[in-house]
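Protein chains in written order, with my numbering: chain A, 1448 to 2092; chain B, 2 to 342.
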């Protein structure tokens, strides 16, 4: 086995919380798994990997993102099966990591199926394999440590909840500290051996501390009062289920042991709570209900800016899972960005009822509202298995092309054209004694052939059809619309969606951006989008339908989703039909085409006409008033069920 | 077979930033590579392919599939580590550093490596067949149109780039080997974005544009025509420049370990990083490392403020903390102000 030769744990500058969290899970594997979040380049991996050296002989097993299922869970041992003629089990990575540490970089990019398998085995402590004619069951335990950059997308609450501890790397703003980071990085790169020697004493001290803590751990007692405190803390944080209590208790015990004590103090629990509670706060059913009620209340209220922002704030705090960094992001952006402050002032001016009532002059270009709260895009009740399970991955399309990641092998339905050679060989192996040798060690028959199952991580295709007419042009409204669409685009970016953008105003609909992966382009087109003129809603819908039909032909595997943003005030007449009636007709065609759709209603005038809602119903689309969207932070799109009216 | 002549690196007109960035990475392969952004027809690929001619020789363990460096036991592959542990001598051989190309259509198994099927069928044993990442160890890994790379291939690159190790757990093989490469990517920004995580793995970035100066444009055409007419003759004409540059690179490589910086520059680099709100520490670390390399290239053993300024133009632009598709550009006045203070 190779000795650890990386950057020493003890030499990592700062990041005390991350180090502490690592020590806790190393002392007590019952704390659950550890998730380390943080921006790129903040020493997540370096710190985590460095922990191997102080881990008391336990090794780090790296789980690569490209892992196939056979290598994760175990499969047929080719060599032994051939030699002995009986099916033998080759342990997978999970088995090999038994008693050690399983480490995943960028764990948020791991396929959800793989992560689910890892988390299930981790929680149950048992790996059961039923495949390739093998039946294998073994008890295994390992410590799971993963890192992620939340900017690349995070986990849905249920997945997040299964991590015992969560910690985030800190942004370092102290210049002297940063200079020390550079100095050490250069020094390590220049002569790793000498550098490691410099920190040998501190490393040894950490090793001793950990060893002592591990010896103490079985003797650490939890007084009754501490049990009660644990329960109270979790209840106060509105945690769902009882996992939080268990993790908090075990982490508290680890903290006590690290401090050299055999009894748990409130301070230990406070320390543990920093890692156990933040990512699972406020997910209990009561909390959700409370949230719902608040929303309902606020609906009745007059819409005042102060009022709205308050509800928003509450929602942000309560509607977890919201990782700390995401909150931080927003605060930081709000306070640091000078431009934002200016926008704020501008906004106040625009909130003036007079300016709101008077339509904006023709062809204005509103800047997007940067303070629009983050929006989640959920596409419910899909056709693919993953979606039904609510695993959070939007659309994992099984691809029949020879593209995408090879995830497992299966018996071919018809002719095998994308042969999984490894699985084929394993399928052939047990039968070799009975087969006529053909000069090779292996004789492969047609019946052994296995085919690759590939998965391509692609999101959905979203078509944003945006009403850019004069009636939308009330300045503030367009800003909010752009803000909301930008948030949705941001979501789409993280999920690798394709997007298209279509605007309708004056007398026609215009494709601003054909379907593309480049969200950057979509954003630019959106920001530049001018407002003015009449509302040709029917034309907009027809153009959307055409674009989706064409896009769908080209990319058969992706189901496009239409997101219509309008106030519904159709008034541009073309032909004999009255504009609203024409729009409803076009909407019905969309319903008949079974296109999943959502309507975001931006109507805010005193006299509400409610046309957008009617259009939504005719389309079979889910309906979301813009204001409600900003409060809930979720755009839920459900399957368009034809005929359900 | 006679090798086809390659357009000489030194004959490329203009594009000084791109050329400098590439050269710096040859002098110090640990800088983290270059991302070259630009429209079609701006000599991006020509420059990278031409770089091959200037690459220095490597000392590697003879017969090692990963060209392990006998002088760096920390980065040994399993085989070399086993030999060294057993006290066996590691025979050396010289070989040229290469440009290994990763085509956008490459499949994951070709990139990370896979089960050697032939060996498995013939001998009934599992054997690892190395992929492009193995070939790229200690070489340059070149990805043309890197923004069009499949997502899962990007994941694999990120995995390898993070720790310089390629861990393979697929198709019946469990294997890991060193994969430390200089990542050079080109992209046309009009054709789509590159993921921020991958962007962050590039030490340097440059944006190239076509030459605007008419006389320069004429020179570009003239040289191209001359090259196409008689590549060998053209290359001979540039031989002197090529040799000179190659020698200068070699000299810089020898000088680099002795090149130093003072504490004041370290503090300034850190200050720039804080002021510009970059993500993480890679910006400041790379800023100093690049400045040191610039100094070595200029034949000096002490990095100066001016070196840091030149480095900043290559290191900072792609590292600003920004939300997806938020547009931000480096506040160069601020950088200058901090450095000149």
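Note that CB positions come from ideal geometry on N, CA and C, so glycine has one too.
Contact annotation for residue 1615 of chain A against chain B: no contact, minimum CB-CB distance about 13 Å [criterion: below 9 Å].
Spanning the alpha carbons of residue 1661 of chain A and residue 1475 of chain A requires a straight line of approximately 7 Å.
The C-beta separation of residue 2008 of chain A from residue 2044 of chain A comes to about 7 Å, placing the pair in contact by the 8 Å criterion. Shown here for residue 120 of chain B: same chain residues with a beta carbon closer than 6 Å to its own, the five before and five after excluded, namely 128 in chain order. DSSP places residue 1587 of chain A outside both helix and strand once states are collapsed to three, so it counts as coil. A straight line joining the alpha-carbon of residue 22 of chain B with that of residue 207 of chain B spans about 8 Å.
In the DSSP assignment, residue 1667 of chain A falls outside any alpha helix (DSSP H) and carries neither an H nor an E.
Residue pairing by DSSP places residue 1537 of chain A opposite A:1522 in a beta bridge.
The region 1866 to 1873 of chain A makes contact with the region 1514 to 1532 of chain A; the number of CB pairs closer than 8 Å reaches 3 or more.
Straight through space, the alpha carbons of residue 2078 of chain A and residue 1817 of chain A are spaced by roughly 15 Å. Taking C-alpha positions only, residue 145 of chain B is separated from residue 247 of chain B by approximately 24 Å. Counting along the chain, the unbroken alpha helix (DSSP H) around residue 2026 of chain A starts and ends at 2026 to 2039.
Secondary structure remark: continuous alpha helix (DSSP H) runs of at least 4 residues inside the region 209 to 248 of chain B, in chain order: 215 to 230 and 232 to 238. Residues of chain B with a Cβ closer than 9 Å to the Cβ of residue 1853 of chain A are, in chain order, 108, 109, 110, 171 and 172.
In this chain, the alpha helix (DSSP H) harbouring residue 295 of chain B covers 283 to 298. The beta-carbon of residue 282 of chain B is placed less than 8 Å from the nearest beta-carbon of chain A. Residue burial annotation: residue 1716 of chain A is buried, with at least 16 other C-beta atoms found within 10 angstroms of its C-beta. Under the three-state reduction of DSSP output, residue 186 of chain B falls in the strand class.
Between residue 1571 of chain A and residue 1609 of chain A, the beta carbon gap of about 12 Å keeps them out of contact (Cβ cut-off 8 Å). Sorting B:111, B:185 and B:320 by C-alpha distance to the C-alpha of residue 276 of chain B places B:320 at the top.
Chain B places a beta carbon closer than 8 Å to that of residue 1596 of chain A, counting this residue as a contact.
A check of alpha carbon separations from residue 1605 of chain A across A:1655, A:1492, A:1726 and A:1491 identifies A:1726 as the nearest.
In the three-state reduction of the DSSP assignment, residue 63 of chain B falls in the coil class. For residue 1887 of chain A, the neighbours in chain B by C-beta distance under 8 Å run, in chain order, 122 and 123. With respect to chain A, the C-beta atom of residue 75 of chain B has a partner C-beta closer than 8 Å. Per DSSP, residue 7 of chain B lies in no alpha helix (DSSP H) and is assigned neither H nor E. Just measuring C-alpha positions, the residue of A:1944, A:1918, A:1913 and A:1690 sitting nearest residue 1929 of chain A is A:1913.
Among the residues facing chain A, residue 198 of chain B is included, as its CB has a counterpart in that chain under 8 Å away.
The criterion of a C-beta distance shorter than 8 Å is satisfied by residue 125 of chain B and residue 1529 of chain A. For residue 1521 of chain A, no Cβ of chain B is located within less than 8 Å of the residue's own Cβ. Counting along the chain, the unbroken alpha helix (DSSP H) around residue 1650 of chain A starts and ends at 1647 to 1663. Proximity of residue 126 of chain B to chain A, defined by a Cβ-Cβ separation below 8 Å, is satisfied. For the 8 Å CB-CB criterion, residue 1705 of chain A and residue 1654 of chain A do not form a contact.
Proximity to residue 175 of chain B across B:116, B:29, B:282 and B:227 peaks at B:116, based on C-alpha coordinates. In the DSSP secondary-structure assignment, residue 1949 of chain A is bridged to A:1912 and A:1958. Residues of chain B whose Cβ lies closer than 7 Å to the Cβ of residue 1629 of chain A are, in chain order, 267, 270, 271, 285, 286 and 289.
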